[in-house]
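There are 4 protein chains.
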Amino acid sequence: MKTQQTAEGAARSAGRPRSEKADRSIIEATLELLGEGIGVSELSIESIASRAGVGKTTIYRRWSNKVDLVVDALATLKPPIPLPQGGTVRDDLVTYLRVIQEEASHQRTRCIMNIAMSDSERHPRLAERFRELTVEPRREVVAAVLRRGIETGELRADLDIDVALALLSGAVIWLTKWSRSGDSDADLPERIVDEALKGFRPRPDEP
Amino acid sequence: MKTQQTAEGAARSAGRPRSEKADRSIIEATLELLGEGIGVSELSIESIASRAGVGKTTIYRRWSNKVDLVVDALATLKPPIPLPQGGTVRDDLVTYLRVIQEEASHQRTRCIMNIAMSDSERHPRLAERFRELTVEPRREVVAAVLRRGIETGELRADLDIDVALALLSGAVIWLTKWSRSGDSDADLPERIVDEALKGFRPRPDEP
Amino acid sequence: MKTQQTAEGAARSAGRPRSEKADRSIIEATLELLGEGIGVSELSIESIASRAGVGKTTIYRRWSNKVDLVVDALATLKPPIPLPQGGTVRDDLVTYLRVIQEEASHQRTRCIMNIAMSDSERHPRLAERFRELTVEPRREVVAAVLRRGIETGELRADLDIDVALALLSGAVIWLTKWSRSGDSDADLPERIVDEALKGFRPRPDEP
Amino acid sequence: MKTQQTAEGAARSAGRPRSEKADRSIIEATLELLGEGIGVSELSIESIASRAGVGKTTIYRRWSNKVDLVVDALATLKPPIPLPQGGTVRDDLVTYLRVIQEEASHQRTRCIMNIAMSDSERHPRLAERFRELTVEPRREVVAAVLRRGIETGELRADLDIDVALALLSGAVIWLTKWSRSGDSDADLPERIVDEALKGFRPRPDEP
DNA sequence: ACATAATCGAGACGGTACGTCCCGTCTTGTT
DNA sequence: AACAAGACGGGACGTACCGTCTCGATTATGT
Chain A
3 MKTQQTAEGA ARSAGRPRSE KADRSIIEAT LELLGEGIGV SELSIESIAS
53 RAGVGKTTIY RRWSNKVDLV VDALATLKPP IPLPQGGTVR DDLVTYLRVI
103 QEEASHQRTR CIMNIAMSDS ERHPRLAERF RELTVEPRRE VVAAVLRRGI
153 ETGELRADLD IDVALALLSG AVIWLTKWSR SGDSDADLPE RIVDEALKGF
203 RPRPDEP
Chain B
3 MKTQQTAEGA ARSAGRPRSE KADRSIIEAT LELLGEGIGV SELSIESIAS
53 RAGVGKTTIY RRWSNKVDLV VDALATLKPP IPLPQGGTVR DDLVTYLRVI
103 QEEASHQRTR CIMNIAMSDS ERHPRLAERF RELTVEPRRE VVAAVLRRGI
153 ETGELRADLD IDVALALLSG AVIWLTKWSR SGDSDADLPE RIVDEALKGF
203 RPRPDEP
Chain C
3 MKTQQTAEGA ARSAGRPRSE KADRSIIEAT LELLGEGIGV SELSIESIAS
53 RAGVGKTTIY RRWSNKVDLV VDALATLKPP IPLPQGGTVR DDLVTYLRVI
103 QEEASHQRTR CIMNIAMSDS ERHPRLAERF RELTVEPRRE VVAAVLRRGI
153 ETGELRADLD IDVALALLSG AVIWLTKWSR SGDSDADLPE RIVDEALKGF
203 RPRPDEP
Chain D
3 MKTQQTAEGA ARSAGRPRSE KADRSIIEAT LELLGEGIGV SELSIESIAS
53 RAGVGKTTIY RRWSNKVDLV VDALATLKPP IPLPQGGTVR DDLVTYLRVI
103 QEEASHQRTR CIMNIAMSDS ERHPRLAERF RELTVEPRRE VVAAVLRRGI
153 ETGELRADLD IDVALALLSG AVIWLTKWSR SGDSDADLPE RIVDEALKGF
203 RPRPDEP
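In order, the protein sequence lines correspond to chains A, B, C and D. The numbering of the first sequence is the numbering used here, which starts it at 3 and goes up by one. The numbering of the second sequence is the numbering used here, which starts it at 3 and goes up by one. The numbering of the third sequence is the numbering used here, which starts it at 3 and goes up by one. The numbering of the fourth sequence is the numbering used here, which starts it at 3 and goes up by one.
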């Protein structure tokens with residue numbers, strides 16, 4: 003994603019090579035600032051340079067614009083294992099939602115989530131990257147759980163996996179963001195999964 | 003929300019009263035700019051003043067703060083009838099989701115939704131206002147539909163209304179934002195409602 | 003000089019008459035501010051209004067611009083007895099220069115002199131007024147002294163009165179403003195008058 | 003006089019050095035504007051920046067203060083050789099006064115003279131600088147002429163040089179500013195010098 | 001070893017927007 | 001009417017960053 007990066011395999015050109023230390027400290031400074039709640043718009047190159055102990059030129063030489071830098075910075079974040087599984091479909095889903103919920107309670111993660119959510123409309127590449135790095139891997143994990151559930155007969159054979167996924171993931175985001183009371187969050191994953199599994203309509207066999 | 007606004011019922015203060023025309027043109031200019039995809043951070047008071055044909059002072063006299071202005075501007079937006087109802091629970095929910103989906107396809111609405119979503123973490127008052135003006139009214143409408151469904155026996159008696167609501171609303175947002183393909187959006191409301199109503203698990207009576 | 007003043011002799015028009023108290027307090031506030039060293043450019047109508055306890059409108063209704071007001075304000079200043087005479091020409095001139103010198107040592111007079119000197123190029127009407135009110139009367143006094151000196155034979159019959167006047171008055175201003183040392187100012191009037199009377203060239207009869 | 007100027011002999015500070023071209027164009031723009039009759043108070047930093055094709059920052063980086071800038075700008079003005087001499091005392095003085103008179107007829111010089119005269123009370127540093135750059139050098143020239151006159155016997159041995167100087171210089175300023183008629187200016191230098199040399203009193207040997 | 005050359009930190013450059021102050025005009029209700 | 005109060009559109013203030021551009025100093029490589 004570095005727009006002006008020297009080609010990897012090319013013969014090392016003459017002159018002083020770029021400092022990897024600078025690379026790292028720039029990325030780290032960027033993540034720190036984002037993690038402190040500073041949005042992409044408020045994030046200034048000058049503040050990054052100052053925090054990283056680096057000249058502005060050193061940043062602009064590597065990234066032609068701020069969003070590119072943010073994209074690269076987010077890319078270095080390893081999705082911190084959102085995928086434990088192996089039990090019943092219900093247990094796997096609850097575990098998964100609990101991971102998401104737990105992430106959202108961390109300052110840094112929440113800020114970065116927020117950036118991904120918020121600045122994505124105005125910076126399509128950011129959205130694309132975020133989808134690629136975070137959304138898709140997680141979607142795949144849950145989709146696998148759901149597919150396994152269908153195979154084992156735990157779930158309906160004609161379940162619309164995309165929609166099921168949206169119901170689960172959307173609900174977490176929605177409740178995290180707009181829940182009326184912050185209190186009953188403890189068993190939220192269970193409640194969501196149970197409602198989703200059962201459906202809204204009464205079942206004749208469950209009085 | 004105007005920070006320096008004269009109390010409503012108080013005796014008219016001395017001097018020339020503030021121009022309501024200026025009020026309106028400032029709000030309108032703000033909404034126009036937001037509707038053109040300019041984010042809260044990029045939104046400059048000077049551009050608002052210029053577009054509204056107004057001095058900067060006239061804005062600062064009313065709002066001490068850009069966010070306050072945006073909050074007031076959003077407050078003037080009437081939620082454009084999100085509440086059709088009367089048929090079966092399924093029909094009402096589908097209609098409701100369709101309204102939301104339709105809104106999201108309009109440039110202006112989408113920009114403003116985006117602002118509400120994105121800048122809310124950094125500007126709590128914005129979030130609060132958005133919840134109050136948009137989220138809560140809609141939540142109430144859907145909650146009413148669900149309660150009626152429970153009464154008529156269309157829905158389970160022990161349905162967790164908050165969670166049900168989150169499942170439905172969250173799914174729409176999620177799919178609008180992260181859907182892999184933009185193509186199959188046409189029958190999205192039906193698919194979501196049906197999956198939610200049926201639940202993920204197979205029903206013995208529906209082979 | 004009041005540009006929008008109602009004609010003196012005209013039938014008193016209807017409505018509330020202009021407050022003479024306001025007139026006075028505006029003029030007084032103006033002179034106070036000028037006397038405090040505020041120049042015409044720095045002098046703001048707002049500060050005058052505030053100091054006079056008057057609305058800005060009340061000032062603009064009387065004077066269409068700031069210079070007009072200053073002109074009128076200066077016009078109310080009576081030249082404080084610049085004309086003592088009766089003795090020898092030398093004594094009269096020394097007395098006169100001493101008055102000028104004494105004036106220049108007063109804060110308020112010096113500020114106003116300064117205004118007259120400084121802003122006159124940029125505001126011709128101010129210069130004109132100052133000449134009319136201050137320069138000409140004084141010139142006339144000194145000219146009278148000089149003419150009397152010629153008559154009595156104390157001065158040369160072919161003395162160029164304009165130039166003589168310029169030499170005397172100019173010297174005072176020059177020395178007040180640019181004198182290298184502020185110390186020997188006590189007998190300045192005598193020194194100036196004596197040099198001017200004697201001329202620079204040696205006299206055969208005064209060895 | 004530049005408030006934040008790097009010490010001359012000091013080691014070159016880090017970073018890009020200040021542009022001398024910017025220095026020059028700022029000074030030149032300032033002088034142009036002053037020469038067009040704009041006073042120090044009316045002179046806006048923004049207009050200087052715009053005319054000089056320079057950012058406001060570039061001005062503020064060099065001068066913390068408008069007056070400091072004007073002082074430096076005036077300092078670049080070389081007094082355009084006011085000192086021709088060699089003939090009789092009378093000829094030298096007439097020539098000198100003629101130079102001053104001629105200067106006063108030029109738009110730019112008159113404006114700048116005016117600034118020096120007018121804003122000097124309010125801006126002491128401006129007065130000081132003007133005295134140092136313009137008044138003193140000229141005073142010295144005339145003083146030299148007078149001293150030579152005393153040596154050659156053309157002038158009285160006990161002539162008060164300071165006062166003589168004030169009489170001559172003051173008279174020019176006075177007449178330039180307050181002369182009743184602008185017509186008879188042509189032989190003004192001669193008239194002033196002759197009156198000053200002869201003195202006001204009649205000489206027994208000149209009937 | 002040493003010239004070549006790309007990089008480094010630093011900071012000046014022309015700009016844009018900030019939020020404040022005051023301009024001279026205008027619009028209220030009161031006198 | 002004239003008054004005080006004060007809002008109006010506008011323009012300049014001095015500051016903070018923007019993204020670009022020079023500087024002298026540093027650090028590799030290819031003779």
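Virtual Cβ for every residue (Gly too), placed ideally from N, Cα, C. Predicted, not measured: the structure shown is a model, and the values here were computed from it.
- A direct Cα-Cα distance of roughly 15 Å separates C:Val165 from C:Lys200.
- At a cut-off of 8 Å between C-beta atoms, B:Asp121 counts as an interface residue with respect to chain A.
- For C:Val72, the CB contacts under 6 Å within the same chain, skipping 5 residues up- and downstream, are Val42 in chain order.
- Residues of chain B with a Cβ closer than 8 Å to the Cβ of A:Leu177 are, in chain order, Asp164, Val165, Ala168, Gly172.
- Judged by their CB atoms, A:Ala31 and A:Thr60 are not nearer to each other than the 8 Å cut-off.
- Distance between B:Asp94 and A:Glu142, taken at the CA atoms: about 32 Å.
- Of all residues in the stretch 49 to 77 of chain B, none is placed with a Cβ closer than 8 Å to any Cβ belonging to chain A.
- Neighbourhood of C:Val137 in chain D, by CB distance below 8 Å: Trp180, in chain order.
- When 9 Å is used as the limit between beta carbons, A:Ala198 is near these residues of chain B: Val165, Leu169, Glu197, Ala198, Gly201, Phe202, in chain order.
- C:Ala159 and C:Gly151 have their C-alpha atoms some 9 Å from each other.
- Look at D:Leu35: its C-beta is not under 8 Å from any C-beta on chain C.
- Of the candidates D:Thr178, D:Glu192, D:Arg193, D:Arg26, D:Thr178 places its Cα closest to the Cα of D:His108.
- At a Cβ-Cβ threshold of 8 Å, B:Leu128 and B:Val56 do not count as neighbours.
- For the C-beta of C:Gly41, the chain D residues within less than 7 Å are, from N- to C-terminus, Ser43, Arg124.
- Where C:Arg131 is concerned, the enclosing alpha helix (DSSP H) starts and stops at 126 to 132.
- Take the alpha-carbon of C:Ala146 and the one of D:Leu33: they are about 44 Å apart.
- A:Asn116 carries a helical assignment under DSSP once its states are collapsed to helix, strand and coil.
- Linking D:Arg193 to D:Glu123 through their CA atoms gives a straight-line distance of about 31 Å.
- Using a CB distance cut-off of 8 Å, C:Leu99 does not count as an interface residue toward chain D.
- Between B:Val174 and B:Ile102, the C-beta gap is smaller than 8 Å, which places the two residues in contact.
- Residue environment analysis places B:Ala188 among the exposed positions, since fewer than 16 neighbouring C-beta atoms fall within 10 angstroms of its C-beta.
- Against A:Leu161, the close residues of chain B are Glu197, Phe202, in the order they occur along the chain (beta-carbon pairs closer than 8 Å).
- For D:Arg20, the closest Cβ of chain C is not nearer than 8 Å.
- Rounded to whole angstroms, the separation of the alpha carbons of A:Pro126 and A:Ser21 is 30 Å.
- Within a 10 Å sphere around the beta-carbon of A:Glu38 sit fewer than 16 other beta-carbons, which makes this residue exposed.
- With respect to D:Trp176, C:Ser171 sits close: the two C-beta atoms are nearer than 8 Å.
- Burial check for B:Ala51: the Cβ neighbour count within 10 Å reaches 16 or more, so the residue is buried.
- Taken in chain order, the complete beta strand (DSSP E) segments of 3 or more residues contained in the stretch 31 to 108 of chain D number zero; there are none.
- D:Asn116 and C:Ser120 have their C-alpha atoms some 7 Å from each other.
- Take C:Leu35, set aside five residues on each side of it, and the residues of its chain with a beta-carbon closer than 8 Å to its own are Leu45, Ser49, Ile50, Arg53, in chain order.
- Residue-level contact check: D:Leu79 does not touch chain C, since none of the beta carbons of chain C fall below 8 Å from its beta carbon.
- For B:Arg193, the enclosing alpha helix (DSSP H) stretches over residues 190 to 200.
- Per DSSP, the unbroken alpha helix (DSSP H) holding B:Ser171 starts and ends at 163 to 180.
- Annotation for B:Leu167: Arg141, Val144, Ala145, Leu148 place their beta carbon closer than 8 Å to its own, counting only its chain and skipping 5 residues before and after.
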